[in-house]
Amino acid sequence: MSMLRKALYALITASLFGAFMAGCGGGSAGTNPPPPPPPTAHEVLFASNSAGIQAFSINSSTGMLTALASTPDADLGQFITGNMLSAASGKFLLAIDATADHIKVFSINQTTGGLTPVTGSPFAIGGGGSGSLAMDSSGKYLYAPFALGVAAFSFNSSTGFLSPLANSPFSDGSFPFAGAVDPSGKFLYTTGNTVDTGFSVYALNPGTGALAPVVGSPFATPLSTGPYNLVVAPAGLTVYATVPSNNAVIGMTIDPVSGTPTPVAGSPFSAVDGDMFLGLAPSGKFLYTCNNSNGTISAFSVNSADGSLTPIAGTPFGFSNCSATVAVNPGKYLYAANPGGNAITGFSIDATTGVLTMLSGSPFPAAGATLITIATLH
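Terminal number for the sequence shown in my numbering: 379, no gaps in between.
Below, the structure is given as structure tokens:
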């Protein structure tokens, strides 16, 4: 055999042997391992009390709550008129502190639910009296209604930093307390306090976040005392607000062009004593009010055609000392804070009827739980 043939034979033999070993897993060569699967989304409930914020994992199959991290922060207190919300796909938690003059922003540990203040937190609102926080659907702008109008901020979804917008606060002459943005991001709605009977509508500039009162705002409501908290239907053109002094819920449809509100058929709707807080199932089919005076929850079915409310059989559902409610996406469970009982009560929501059934193991221990919100972590 010539030298050339010997060399060629050796090369072919080595190549075949290497391929054989690689196929058997005996070599180091081979395809790259597949990338790890994306993190599984899971829901965490946050509850505030006089000592700080407690996180709970939510069992997606049973609704059971299990305590996770606790973040001390006495400044938050039991500010029952405020709220908390999550932002940037569960990366951050935002809350109003007990003085109602600052917004605290925390980054969320995606495993433990532990909270760490972001750089610059807390951020000044500019005056006291804020009752809630509202974020537009793009997650770019944050609004805090307070005594002088609506404080507006741009929100950095990477760092959690808040920057006041030019010309903030915005006002239509009312004294707003709570607010909500419609899902399309076109309007911001605000309610006053119990002595301010107006309902305000602002047009929202999606490019700058600036607010402008629509013509006629603030609008009078049909009751002698003012609305307190509010929610917006998923379609964005129906708004519901509690009127605790009148034990009622008012409903309004919003003109998609002008923003002018019109009472829905049958509004106001009778609730039960002290219906301060309310929650709307993400499906938009059911509305629930938390009746602070007697610790019950009133449940209503929502007419998809005209927005009217009809009491659900068995309502009100009772336990004790409810102060806030929240429905879990996609509407399978509802949780209510019970600060007097140092607990959170959980219910399953019947997807057809809206009837509430207490979860096994409920109420769940939660010392002084007052405000609750749910974040989807990744």
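Ideal Cβ positions, reconstructed from N, Cα and C, are used throughout, including at glycine. This one's a predicted model, so the numbers in the text were calculated from it and none came from an experiment.
Item: Gly24 in three-state terms, based on DSSP; Value: With a pLDDT of 40 at Gly24, under the threshold of 50, the predicted position of this residue should be treated as unreliable, though the coordinate-derived value follows. Of the three classes helix, strand and coil, the one that applies to Gly24 here is helix, per DSSP.
Item: Opening and closing residue of the beta strand (DSSP E) in which His103 lies; Value: His103 to Ile109
Item: As assigned by DSSP and simplified to three states, the class of Ser29; Value: Per-residue confidence for Ser29 stands at a pLDDT of 46, beneath the threshold of 50, marking its modelled position as unreliable; the derived number appears in the next sentence. Correct three-state label for Ser29: coil.
Item: DSSP three-state assignment for Asn293, whether helix, strand or coil; Value: coil
Item: Stretch-stretch touch, CB-based, cutoff 8 Å, three pairs: the stretch 88–99 with the stretch 146–166; Value: yes
Item: Cβ-based burial, Gly260 [other Cβ within 10 Å; buried from 16]; Value: buried
Item: Same chain, Cβ closer than 7 Å to Ser363, neighbours up to 5 away in sequence not counted; Value: Thr346 and Gly347
Item: Anticipated Cβ contact below 8 Å, Thr377 with Ala56, distance rounded; Value: About 13 Å; that fails the 8 Å criterion.
Item: Straight-line gap, Pro262 to Pro219 (C-alpha atoms, nearest Å); Value: 10 Å
Item: Any 3 or more C-beta pairs closer than 8 Å across the stretch 165–180 and the stretch 137–154; Value: yes
Item: Member of Gly252, Asn247 and Ile255 whose CA lies at the smallest distance from the CA of Val273; Value: Asn247
Item: Range covered by the beta strand (DSSP E) that runs through Asn50; Value: His43 to Asn50
Item: Residues that DSSP places opposite Ile54 in a beta bridge; Value: Ser49 and Thr72
Item: Opposing strand residues paired with Asn339 [DSSP bridges]; Value: Ala344
Item: Proximity winner among Val250, Met277, Gly275 and Gly280, relative to Ala266 (alpha-carbon distances); Value: Val250
Item: Proximity to Gly342 [Cα-Cα], best of Leu224, Thr374 and Gly296; Value: Gly296
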